[in-house]
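As you go down the protein sequences, you meet chains A and B in turn.
Taking UniProt numbering, the leading residue of the first sequence gets 1, the next gets one more, and so forth.
Taking UniProt numbering, the leading residue of the second sequence gets 1, the next gets one more, and so forth.
From the three backbone atoms N, C-alpha and C, an ideal C-beta is built for every residue, glycine too.
What follows is a single structure, written as structure tokens, with notes after it.
2 protein chains.
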Amino acid sequence: MTLTASQAILGKQKRERILQGAMQLFFRDGYAGTSMDRVASEAGVSKQTIYSYFHDKESLFKALIEQITIARFHTLFESEQLQGEPDQLLRQVAETYLLRVAEDQEYLSLLKVIIAESSRFPEMAKLYYQTVIQRGRQLLSQYFDAHPELGIQDSEATAHIFFGSLVSFVVVQEIMHGKEIMPLSSERLVDSLIDLIHSSS
Amino acid sequence: MTLTASQAILGKQKRERILQGAMQLFFRDGYAGTSMDRVASEAGVSKQTIYSYFHDKESLFKALIEQITIARFHTLFESEQLQGEPDQLLRQVAETYLLRVAEDQEYLSLLKVIIAESSRFPEMAKLYYQTVIQRGRQLLSQYFDAHPELGIQDSEATAHIFFGSLVSFVVVQEIMHGKEIMPLSSERLVDSLIDLIHSSS
DNA sequence: GTCTATACCGAGATAGAC
DNA sequence: GTCTATCTCGGTATAGAC
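Rendered as structure tokens:
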């Protein structure tokens, strides 16, 4: 049977369809909990088709995480300029992060799976660290250095505290189901965080 | 063949041996990545013996995580009194946590596996949240309330920032291999953290 | 209670037709 | 390149002897 036009177009996207299906499953069930059979059926292709695009399960997983990590990096920081009055800017950065992340199940799952597989795939964790964490910390740290009126002694360490508080808040509230037990509004967190940094001056 | 005395003693400890072996494997390979066959061989018992103590794999996993979580809670907070001068006490709490946790592979693995399995086993994450995170935050929050000279407006949110910074530091440095890429000493983190809180007064 | 042996299924990966 | 069919191995869980 020859290919129809629509099948040819779908064929061109097959690699993307596989990655898309794999993402859903890897994020939901983890690496070991995901089978290639299910990826195939989720993507609507045969198992052998997957193996024609990716050498094995590990390769598929790595390619997937790499792609998403780098994509996330762009959407998170590329638009950020980090300019403006400290009080407003810090509040805006924090709120932007919390809004984007807390409601973004895809980002939460990525963070979760990278932590979960950090032993089996240390390169993935390192990539995430370099493209997301380190870059974010660096930007904020430079901003702190450019604003000595904040009275911050160690800009890197303080940037770590800033983002670390936000990340751990999201992890605790969203991933560890803290929200269901004892909600703590993100407004209170941001207010206290800004307050701590601002009153250092 | 009748049991010898030593076999009877070992028999009494068999449940513990199973849990011990299961812990090593679950912590290293995750829930789905661990097989009952390997647990059996690690514990030095037959597979059927495991099934005589635990109904299935899920029960074994839950019993294990519960036991460790509760045990960890005691060793982490029972001894803490949270009394003394703020500057000294906060530094001591932070340093104690960082020292105990950063070098305690068992604690790190527990944290990792709870995050990894938080979807499949939400009750585990909630137990951890209630016995460790919430309790720690509560103790510190009460201390903040008892020391109004610190000028802290929202003691709960600030306690979250305090512990959140520490936890995220350990996660990034130890679990995500940040230590190998760009080390940030725990001293700098603690100094900045104390500095932020102290200069609020 | 504890072992050996096994049932039964699904895993990753491959063969071969088209 | 893509499919169906299959190989081989290891998974959870159980049966039955002792």
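Applying the criterion that 16 or more other CB atoms from any shown protein chain within 10 Å of the CB defines a buried residue, is residue i buried or exposed?
| i | result |
| --- | --- |
| S141/B | buried |
| S35/A | exposed |
| S155/A | buried |
| E16/B | exposed |
| L3/B | Unreliable positioning characterises L3/B in this predicted model, as indicated by a pLDDT of 44, which lies under 50. A coordinate reading is not provided. |
| M1/A | For M1/A, the pLDDT reaches just 40, beneath the cut-off of 50, and the residue's location in the model is therefore unreliable, leaving the point undetermined. |
| A71/B | exposed |
| residue 204/B | Because residue 204/B is not part of the residues shown, which for chain B are 1 to 201, the question remains open. |
| G84/A | exposed |
| S109/B | buried |
| T75/A | exposed |
| E117/B | buried |
| D195/A | buried |
| Q173/A | buried |
| S185/B | exposed |
| S165/B | buried |
| S168/B | buried |
| S192/B | buried |
Check whether the Cβ of residue i lies closer than 9 Å to any Cβ atom in chain B.
| i | result |
| --- | --- |
| L196/A | yes |
| H74/A | no |
| H160/A | yes |
| M176/A | yes |
| Q142/A | no |
| E156/A | yes |
| L184/A | yes |
| I45/A | Checking the displayed sequence, the identity of residue 45/A turns out to be Val instead of Ile. No, its Cβ sits nowhere closer than 9 Å to a Cβ of chain B. |
| A5/A | Confidence at A5/A is low in this model, with a pLDDT of 45, below 50, so the placement of that residue should be treated as unreliable; the coordinate-derived value is given next. No, because no Cβ of chain B sits closer than 9 Å to the Cβ of A5/A. |
| V171/A | yes |
| V167/A | yes |
| residue 203/A | This structure does not reach residue 203/A, given that chain A is present from 1 up to 201, and the question cannot be answered. |
| K14/A | no |
| K62/A | no |
| I50/A | no |
Could you tell me whether the Cβ of residue i comes closer than 9 Å to any Cβ of chain A?
| i | result |
| --- | --- |
| I68/B | no |
| I65/B | no |
| K126/B | yes |
| P122/B | yes |
| F163/B | yes |
| I115/B | yes |
| D29/B | yes |
| E180/B | yes |
| Q24/B | no |
Give a single yes or no on whether residue i has its beta carbon closer than 8 Å to a heavy atom of the ligand SAM.
| i | result |
| --- | --- |
| S118/B | By its list of ligands, the structure shown contains no ligand whatsoever, and the ligand SAM lies outside what it can speak to. |
According to DSSP, is residue i part of a helix, a strand, or is it coil?
| i | result |
| --- | --- |
| L184/A | coil |
| M23/B | helix |
| F54/A | coil |
| Y31/A | coil |
| S155/B | helix |
| D104/B | coil |
| V45/A | coil |
| G84/A | coil |
| H74/B | helix |
| M176/B | coil |
| H147/A | coil |
| Q13/B | coil |
| S199/A | coil |
Worksheet item: Is it a yes or a no for the segment 138-150 of chain A touching the segment 81-88 of chain B, going by three-plus beta-carbon pairs under 8 Å?
Response: No, the segment 138-150 of chain A is not in contact with the segment 81-88 of chain B.
Worksheet item: Going along the chain, which unbroken runs of the alpha helix (DSSP H) with 4 or more residues stay wholly within the segment 111-142 of chain A?
Response: Within the segment 111-142 of chain A, the alpha helix (DSSP H) runs of at least 4 residues that lie entirely inside it are, in chain order, 122-128.
Discussion item. Between the segment 129-141 of chain B and the segment 160-171 of chain B, can you find at least three pairs of beta-carbon atoms closer than 8 Å?
Written reply: Contact holds: three or more Cβ-Cβ distances are below 8 Å.
Worksheet item: Below 8 Å, can you find three or more Cβ-Cβ pairs linking the segment 42-61 of chain A to the segment 95-112 of chain A?
Response: Cβ pair count under 8 Å is below three, so no.
Discussion item. Below 8 Å, how does it come out for the segment 171-183 of chain B and the segment 175-186 of chain A: are there three or more Cβ pairs, yes or no?
Written reply: Counting Cβ pairs under 8 Å, fewer than three are found: no touch.
Worksheet item: Quick check: the segment 122-130 of chain B against the segment 54-71 of chain B, are there 3 or more CB pairs under 8 Å?
Response: Verdict: yes, contact present.
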